[in-house]
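Protein chains in written order, with my numbering: chain R, 214 to 484; chain S, 214 to 484.
For glycine and all other residues, C-beta sits at the position ideal for the given N, C-alpha and C.
Data block below; observations after.
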DNA sequence: CAGTGGTCTAGACCACATG
DNA sequence: ATGTGGTCTAGACCACTGG
């Protein structure tokens, strides 16, 4: 659906060759030669304004790099620098062999520590879906073994999942849970699709976020693939620990966010 | 002091021209041509290993870009891509007209929400200093006016400050405080150098972090200058609100961290 | 002044996705 | 087969820093 929409816009851009695409006017403007600001940064500025102002439609495809370079009267390498910086900021996304696209909406999602992801987005008109990438049992990571106090041979439930907003993946997480506390995890998760439901089935009425750690970094290969961003794009790595009502840890979650699309908010709980 | 040390290392590197600098062995190794990994990424990998392993001393200056490019048998542009990525990650720092330096120590500092910066670093052997960049009174920012409930004409205390670890700036903050609650701010701060001291002098025995917001971004010009990083380097923007014991907001602080050098930890307070 | 990093160009080859 | 973005080269000029 969203892919078809992209395609239709592509034809819109390409069909009437003499058409004004909004970019062409920007490209024609002369550069400030005496400015200390490099040309590629001036191009970057104009592209950003065009995106913000909606002069280039979200989801639409930009002209090819060679054509853009010719429009802006610069070398392709110079053009690429401007484009690359916008990719780092999440406004553009290049797909090899296909083209460069204006990202859906560089929304920044406000994530509150005491809420689940879905709760944080209630009221927004976004279409939120989730996709399970992997579910199985395995030996725990060192941190999980320490956290859960597991002995040699104990296993953990491993769950890899992504969240998509308007079909754009913006977040994915790798969860580990002590297997002995959730004997029927696969079964219940398969029918409910919800980790909370598994908690309840295991007699855990509610849970509490005990610790959250946030660390910035650059997307590695697999992370970039899943989030549909280019490698070396800045991301936020979030590690979270959930406790059951008795204060026992039941979940270790390592998430990865596209940095451009999230803001984390922590309110003091005893407000 | 640290600058002098840098200079001495520079001469160390340059003095005996036939000397092995540790990098030369890495540079001689052949590239994996059939690998999908681009050459500039392979160079990036080797540089990273050399830095991590301490083969190139922290604070020392690398050979010039042209010399590096010739050592690694690639074009200067290719060499620059590898160097630029390490700058983004905070391992290297380029100074125009001077050279490229190995960053002091890409320590990541663990910042806990319920502690001040200095508290978070107790026990570490780092030399922590702070520098006041600006102190004055001004009209409040929109957010500060809303937070403090200020009327038209009310002023705020504005304090800009950086934190240095081993003389490396890693953090700076812009604070706003309601002026009417701290009539003697400048005076007390000048003698104590501490905001907490001003609080106490104003009858505020202790304060509480009421909200923290974290958002990633790329360093703008002034931020990059203060933190001694290149523009477009990833940073963390932190907005914090402090309350007095009665729950009244007394401080709005907007900080900027070099992303590579910090991890934020939030523990549930009612643990 | 010489050396440095920052910018820009013109051309080339490649792997990839699409029709 | 075509066009796309990703990579790489060889050369050039500039602004800045330091001695």
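| query | result |
| --- | --- |
| Residues of its chain near residue 362 of chain R, where Cβ-Cβ distance is below 7 Å and the 5 sequence neighbours each way are ignored | none |
| Integer-rounded CB distance, given that residue 323 of chain R should sit under 8 Å from residue 476 of chain R | 5 Å |
| For residue 257 of chain S, the three-state DSSP class (helix, strand or coil) | helix |
| Per-residue burial, residue 345 of chain S [other beta carbons within 10 Å of its own, 16 or more giving buried] | exposed |
| Candidates R:410, R:325 and R:284: closest to residue 542 of chain R by CA position | Outside the shown range of chain R (214 to 484) lies residue 542 of chain R, about which nothing can therefore be said. |
| Distance between residue 380 of chain R and residue 237 of chain R (C-alpha atoms, nearest Å) | 30 Å |
| Contact list for the stretch 433 to 447 of chain R against chain S, Cβ threshold 9 Å | 444, 445 and 447 |
| Where residue 288 of chain R falls, given that 16 or more other Cβ within 10 Å makes a residue buried | exposed |
| Partners in chain S for residue 326 of chain R, counting only beta-carbon separations shorter than 7 Å | 479 |
| Limits of the unbroken alpha helix (DSSP H) element including residue 413 of chain R | 408 to 414 |
| Sub-8 Å separation of residue 432 of chain R and residue 455 of chain R beta-carbons | no |
| Cβ neighbour criterion (16 or more within 10 Å) applied to residue 470 of chain R | buried |
| Endpoints, the beta strand (DSSP E) within which residue 384 of chain R is located | 381 to 391 |
| C-beta atoms of residue 447 of chain S and residue 276 of chain R nearer than 8 Å | no |
| Terminal residues of the alpha helix (DSSP H) in which residue 359 of chain S lies | 355 to 361 |
| The stretch 410 to 426 of chain R touching the stretch 434 to 442 of chain R, judged by at least three CB pairs closer than 8 Å | no |
| Cα-Cα separation, residue 290 of chain S to residue 390 of chain S | 47 Å |
| Identity of the residues DSSP links to residue 307 of chain R by a beta bridge | R:313 |
| Interface flag, residue 264 of chain R vs chain S, CB-CB below 8 Å | no |
| Between the CA atoms of residue 427 of chain S and residue 282 of chain R - distance to the nearest angstrom | 36 Å |
| Short CB-CB distance (under 8 Å) between residue 425 of chain S and chain R | yes |
| Test item: CB-CB of residue 304 of chain R and residue 256 of chain R under 8 Å | no |
| Extent of the continuous beta strand (DSSP E) run through residue 428 of chain R | 421 to 431 |
| Nearest-angstrom Cβ-Cβ length linking residue 314 of chain S and residue 272 of chain S, presumed shorter than 8 Å | 7 Å |
| Limits of the unbroken alpha helix (DSSP H) element including residue 439 of chain S | 434 to 440 |
| Test item: CB-CB of residue 385 of chain R and residue 310 of chain R under 8 Å | no |
| Residue 348 of chain R and residue 372 of chain R closer than 8 Å at C-beta | yes |
| Distance between beta carbons of residue 360 of chain S and residue 462 of chain S, contact taken as under 8 Å | 5 Å |
| Minimum Cβ-Cβ distance from residue 422 of chain R to chain S less than 8 Å | yes |
| Beta-bridge partners of residue 280 of chain R, as assigned by DSSP | BP columns for residue 280 of chain R are empty, so no partner. |
| Among S:368, S:466 and S:429, nearest to residue 450 of chain S - alpha-carbon criterion | S:429 |
| Limits of the beta strand (DSSP E) - the one that residue 452 of chain R falls within | 447 to 456 |
| Under 8 Å between C-beta atoms of residue 284 of chain S and residue 240 of chain S | yes |
| Contacts around residue 312 of chain S, its chain only, beta-carbon distance under 8 Å, and the 5 residues preceding and following it disregarded | 223, 274, 275 and 277 |
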